[in-house]
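Written below as structure tokens is the structure these notes are about.
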Amino acid sequence: MLEIIIPILIMFSSGYILSVFKKEEIKILADLIIYVTAPALFITSITLSKFEAGEIAIIFFTAATVIISGIALVYLIRKKKKLPLGMYYPIAFMNTGFLGVPIVLISYGIKGLAYAVIYDATLALFAFSLGIYIISERRDKWEVFKIPFIYTAALGILLNIYNIEIPFPVFKGLSMLGSATIPLALIMLGYRIGNIRISSLKLPLFGAILRGGIGFVVAFVIIRIFNISGILANVLIIMSILPSAITSIVFCEKYGCREDCDLVASTIAISMLASLFYLPIAMYLLK
Numbered sequence: 001m002l003e004i005i006i007p008i009l010i011m012f013s014s015g016y017i018l019s020v021f022k023k024e025e026i027k028i029l030a031d032l033i034i035y036v037t038a039p040a041l042f043i044t045s046i047t048l049s050k051f052e053a054g055e056i057a058i059i060f061f062t063a064a065t066v067i068i069s070g071i072a073l074v075y076l077i078r079k080k081k082k083l084p085l086g087m088y089y090p091i092a093f094m095n096t097g098f099l100g101v102p103i104v105l106i107s108y109g110i111k112g113l114a115y116a117v118i119y120d121a122t123l124a125l126f127a128f129s130l131g132i133y134i135i136s137e138r139r140d141k142w143e144v145f146k147i148p149f150i151y152t153a154a155l156g157i158l159l160n161i162y163n164i165e166i167p168f169p170v171f172k173g174l175s176m177l178g179s180a181t182i183p184l185a186l187i188m189l190g191y192r193i194g195n196i197r198i199s200s201l202k203l204p205l206f207g208a209i210l211r212g213g214i215g216f217v218v219a220f221v222i223i224r225i226f227n228i229s230g231i232l233a234n235v236l237i238i239m240s241i242l243p244s245a246i247t248s249i250v251f252c253e254k255y256g257c258r259e260d261c262d263l264v265a266s267t268i269a270i271s272m273l274a275s276l277f278y279l280p281i282a283m284y285l286l287k
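Residues in the sequence shown are numbered from 1 upward in steps of one, following the UniProt record's numbering.
See below:
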């Protein structure tokens, strides 16, 4: 677990230290991630993995149900109480890429990694489509189709299905670009945390609890209904209970709810801290 946590802390701390010494506009980082590095990361990840149709279906269904359940719950809460629009992302979307994939790889090897990649791909598809549509309050219904990720995702899936290899020099370039996604997002998070003044822990804590709670309930019910067991069941549980996606802050900066960014950053931070305690327990119980 330390080999995952320490790199996260180093990158997060870099952003935090930057915020202490320099006050800059960081929206350019959000654009860089959304338009360049995230699409590159997805296409290289998806082309490296091989899957069976039945497994793809159940993983996609689980991830989609967790995400939609989170969105639906936030929608219902917003109907009754004043919950900021920016809270959709940290509650509905989890940190599958940088945290989930390495944890699963360490715990369950290459087989588990293949499952984790499909889960992560599903989350990314929803984040770059439905997520943007909701968080931008549908100001531009065509915004989703302006995002390169949608097209690179379709291309990556087709390449995987037809076993078409990307030429090595191209793949290497895309891989180098993609590897910058998580460091940039963590630097953004650290920078944002360094600039916030938390007036209350109530909403961030509430959001962090909902994030893990929704994931666990949905994954557990699906596993029971479909009688799933073994590595696949364990991966579904772990991926579903992960803390809030660090890219939540990226989308908050980019898509019209910047007034909520402090709250979103606080929710991500609290969710990440909580996961340091509950994830090792979950991994131990799933052995």
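Virtual Cβ for every residue (Gly too), placed ideally from N, Cα, C.
Just how far apart, CA to CA, sit residue i and residue j?
i	j	result
Leu125	Ile56	14 Å
Pro90	Val264	7 Å
Phe206	Glu165	45 Å
Asn95	Ser266	15 Å
Ile231	Tyr108	7 Å
Lys23	Cys261	16 Å
Ile281	Tyr255	36 Å
Leu76	Lys82	11 Å
Ala245	Leu18	21 Å
Given that a residue counts as buried once 16 or more other Cβ atoms are within 10 Å of its Cβ, and exposed if not, what is residue i?
i	result
Asn227	exposed
Arg192	buried
Val170	exposed
Ala114	buried
Met176	exposed
Ile34	buried
Asn234	buried
Tyr88	buried
Pro167	exposed
Specify the secondary structure class of residue i as computed by DSSP and reduced to three states.
i	result
Ser129	helix
Glu244	The identity of residue 244 in the sequence shown is Ser, whereas the question assumes Glu. Here Ser244 sits in strand by DSSP.
If residue i and residue j are in contact, beta carbons under 8 Å, what's the gap, nearest whole angstrom?
i	j	result
Phe42	Ala116	Not quite, the Cβ-Cβ distance comes to about 13 Å (not below 8 Å), so this is no contact.
Leu186	Gly54	Wrong, their Cβ atoms sit about 35 Å apart, outside the cutoff.
Ser248	Arg211	Rounded, the Cβ-Cβ distance is 10 Å, inconsistent with contact.
Gly97	Ile182	6 Å
Could you please give the first and the last residue of the uninterrupted alpha helix (DSSP H) stretch that includes residue i?
i	result
Glu55	Ala53 to Lys80
Gly178	Phe168 to Gly178
Met283	Cys261 to Leu285
Val217	Lys202 to Ile225
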